[in-house]
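S.K.:
Number of protein chains: 2
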Amino acid sequence: MDQQADIRKKFGNRIRTLRTEKGFSQEAFADECGLDRSYMGGVERGQRNIALVNIEKISQALGMSLSELFIL
Amino acid sequence: MDQQADIRKKFGNRIRTLRTEKGFSQEAFADECGLDRSYMGGVERGQRNIALVNIEKISQALGMSLSELFIL
DNA sequence: TTGTGACTCTTAGTCCGTA
DNA sequence: TTACGGACTAAGAGTCACA
Numbered sequence: 685m686d687q688q689a690d691i692r693k694k695f696g697n698r699i700r701t702l703r704t705e706k707g708f709s710q711e712a713f714a715d716e717c718g719l720d721r722s723y724m725g726g727v728e729r730g731q732r733n734i735a736l737v738n739i740e741k742i743s744q745a746l747g748m749s750l751s752e753l754f755i756l
Numbered sequence: 685m686d687q688q689a690d691i692r693k694k695f696g697n698r699i700r701t702l703r704t705e706k707g708f709s710q711e712a713f714a715d716e717c718g719l720d721r722s723y724m725g726g727v728e729r730g731q732r733n734i735a736l737v738n739i740e741k742i743s744q745a746l747g748m749s750l751s752e753l754f755i756l
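From first to last, the protein sequence lines stand for chains A and B. Note that my numbering has the first sequence beginning at 685, numbered continuously upward. Note that my numbering has the second sequence beginning at 685, numbered continuously upward.
1) Determine the contact status of Phe-695 (chain A) and Leu-756 (chain A), defining contact as a CB-CB distance below 8 Å.
2) Evaluate Gly-747 (chain A) with the Cβ neighbour count: other Cβ atoms within 10 Å of its Cβ, from every protein chain shown; 16 or more gives buried, anything less gives exposed.
3) Measuring straight from C-alpha to C-alpha, what distance separates Leu-702 (chain A) and Asp-720 (chain A)?
4) Mind listing the chain B neighbours of Leu-756 (chain A)? Cutoff is C-beta to C-beta under 9 Å, in chain order.
5) I'd like to check one pair, Ile-734 (chain B) with Cys-717 (chain B): are the Cβ atoms closer than 8 Å?
6) Taking Cβ-Cβ distances shorter than 7 Å, what residues in chain B pair up with Asn-733 (chain A)?
7) Shorter than 8 Å from the beta carbon of Glu-691 (chain A) to some beta carbon of chain B?
8) Could you give the first and the last residue of the continuous alpha helix (DSSP H) run that contains Phe-695 (chain B)?
9) Given this structure, state the Cα-to-Cα distance separating Met-685 (chain A) from Arg-729 (chain A), to the nearest angstrom.
10) Residues of chain A with CB closer than 8 Å to the CB of Gln-710 (chain B), please, in chain order.
11) Can the beta-carbon of Phe-754 (chain A) be found less than 8 Å from the beta-carbon of Ser-751 (chain B)?
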C-alpha cells in the first residue's frame, strides 16, 4: 500500500510540475484534458489511481509522449 | 472511443512483446506481477484500461522503468 | 497455454458545493 | 487558485469456470 501511494504521489508531482511550467491553472488544465477539476486535483495530490486512457489524455494536453511523461 | 481502444491496444501489445521476449507464459508473468492470469490476458488484448498502480507492478516485473515501458 | 463471459466489490471519475 | 467534502454513476480490480 505504501508503494502504491508512492507511485501515485510521484506521478502527481510530475503532473503538477509540468502543468505549472506551462502556466496552467488546475481547472484550465483539467479542461484541456477533458477531465474534472476536482479529479485532477486528486491526481496531483496522489490520492487517485488514474487509468491508462486518462494518462494519455494528460500526455497529449502536455504535448509530450508517455515515455517523456513518465520520467518521474 | 477509438483513441481509447488504441492506447489500450498499443500498451497491451507492448506488454505481450516484452513478456514473450522474457520467455514468460501469461500465467507465470501474472504471478510475477501479483495479478490474475485472466486479468493480464485482458490487458494484453487491450480490453482493460489498466490503472497506474498495476502498470507499475508490470514495469517492476519486467525490470524496467515506466519511461522505458512506455516506448510504444 | 490463452481467450472469454460473467460476476462482485471497489474505485475511477463527475458534479455540486464550501473554505 | 486550490483543497476538500458529499453524493452520485460508470468503470476498473480481481476472480472463476469453461472452452
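The beta carbon of each residue, even a glycine, is placed where N, CA and C say it ideally should be.
M.R.: Quick look at the numbers:
1) The residue you call residue 695 (chain A) lines up with position 11 of the first sequence. The residue you call residue 756 (chain A) lines up with position 72 of the first sequence. The answer is yes: Cβ separation under 8 Å.
2) Here residue 747 (chain A) refers to the residue found at position 63 of the first sequence. When all chains shown are included, Gly-747 (chain A) counts as exposed.
3) To locate residue 702 (chain A), count along the first sequence from 1; it is residue 18. To locate residue 720 (chain A), count along the first sequence from 1; it is residue 36. Distance between the alpha carbons of Leu-702 (chain A) and Asp-720 (chain A) is about 18 Å.
4) To locate residue 756 (chain A), count along the first sequence from 1; it is residue 72. Leu-756 (chain A) reaches chain B at Ser-749, Leu-750 and Ser-751, counting residues in chain order whose Cβ is nearer than 9 Å.
5) If you number the second sequence from 1, residue 717 (chain B) lands on position 33. If you number the second sequence from 1, residue 734 (chain B) lands on position 50. No.
6) Taking the first sequence and counting its residues from 1, the one referred to as residue 733 (chain A) is at position 49. Within 7 Å Cβ-Cβ: Ala-735, Leu-736 and Val-737.
7) As a first step, residue 691 (chain A) is located in the first sequence; it is residue number 7 there, counting from the start. In the sequence under discussion, the amino acid at residue 691 (chain A) is Ile, which differs from the Glu named in the question. Yes, Ile-691 (chain A) lies at the interface with chain B (some Cβ there is under 8 Å from its Cβ).
8) For the purposes of this step, residue 695 (chain B) is taken as the residue at position 11 of the second sequence. Unbroken alpha helix (DSSP H) run through Phe-695 (chain B): 686 to 705.
9) On the first sequence, position 1 is the one that residue 685 (chain A) refers to. On the first sequence, position 45 is the one that residue 729 (chain A) refers to. Confidence at Met-685 (chain A) is low in this model, with a pLDDT of 46, below 50, so the placement of that residue should be treated as unreliable; the coordinate-derived value is given next. One C-alpha to the other measures close to 16 Å.
10) Locating residue 710 (chain B) in the second sequence gives position 26, where the first residue counts as 1. The premise fails here: Gln-710 (chain B) is roughly 19 Å from chain A at the closest Cβ pair, so nothing lies under 8 Å.
11) What you label residue 754 (chain A) is simply residue 70 of the first sequence in a count that begins at 1. What you label residue 751 (chain B) is simply residue 67 of the second sequence in a count that begins at 1. Contact flag set, yes.
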